[in-house]
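First residue of the sequence shown? That's 224 in our numbering, and the numbers climb one at a time after it. Virtual Cβ for every residue (Gly too), placed ideally from N, Cα, C.
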Amino acid sequence: MQKESRVTVKLPRPLFRRIQQVIEGTGFSSATDFIVFVMRDLMGEVETSPKEEFSPDELNAIKQKLKNLGYL
Numbered sequence: 224m225q226k227e228s229r230v231t232v233k234l235p236r237p238l239f240r241r242i243q244q245v246i247e248g249t250g251f252s253s254a255t256d257f258i259v260f261v262m263r264d265l266m267g268e269v270e271t272s273p274k275e276e277f278s279p280d281e282l283n284a285i286k287q288k289l290k291n292l293g294y295l
């Protein structure tokens, strides 16, 4: 069985540095481990949610997550 391959995702360097600071003293051994964890968590939420429009509260929560990640 072939090992699943990985891809490279480019992040802004300031965001990467913030992630490194956030994971200091946690169980994450690298920024990559943390990013994979967060993305799996977000994808799990997307995959288990019903295919409906977002409520205003949900939209605000998504915007806040994107802002915290440095995208807004």
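Taking F239 and I246 to be in contact with their CB atoms under 8 Å, please state how far apart those CB atoms are, rounded to whole angstroms.
Residue 239 sits at position 16 when you count from the first residue of the sequence shown. Residue 246 sits at position 23 when you count from the first residue of the sequence shown. Going by Cβ atoms, the distance from F239 to I246 rounds to 11 Å, so no, they are not a contact pair.
Please classify P235: does DSSP put it in a helix, a strand, or coil?
Taking the first residue of the sequence shown as 1, we reach residue 235 at position 12. Looking at P235 - three-state DSSP - the assignment turns out to be coil, as it is neither helix nor strand.
Would you identify the three-state DSSP class for L292, choosing helix, strand or coil?
As a working note, residue 292 is residue 69 in the sequence shown. Coil, per DSSP.
Give the secondary structure of T255 by DSSP, where H, G and I count as helix, E and B as strand, and everything else as coil.
Working through the sequence shown from its first residue, we reach residue 255 at position 32. If DSSP states are grouped into helix, strand and coil, T255 belongs with the helices.
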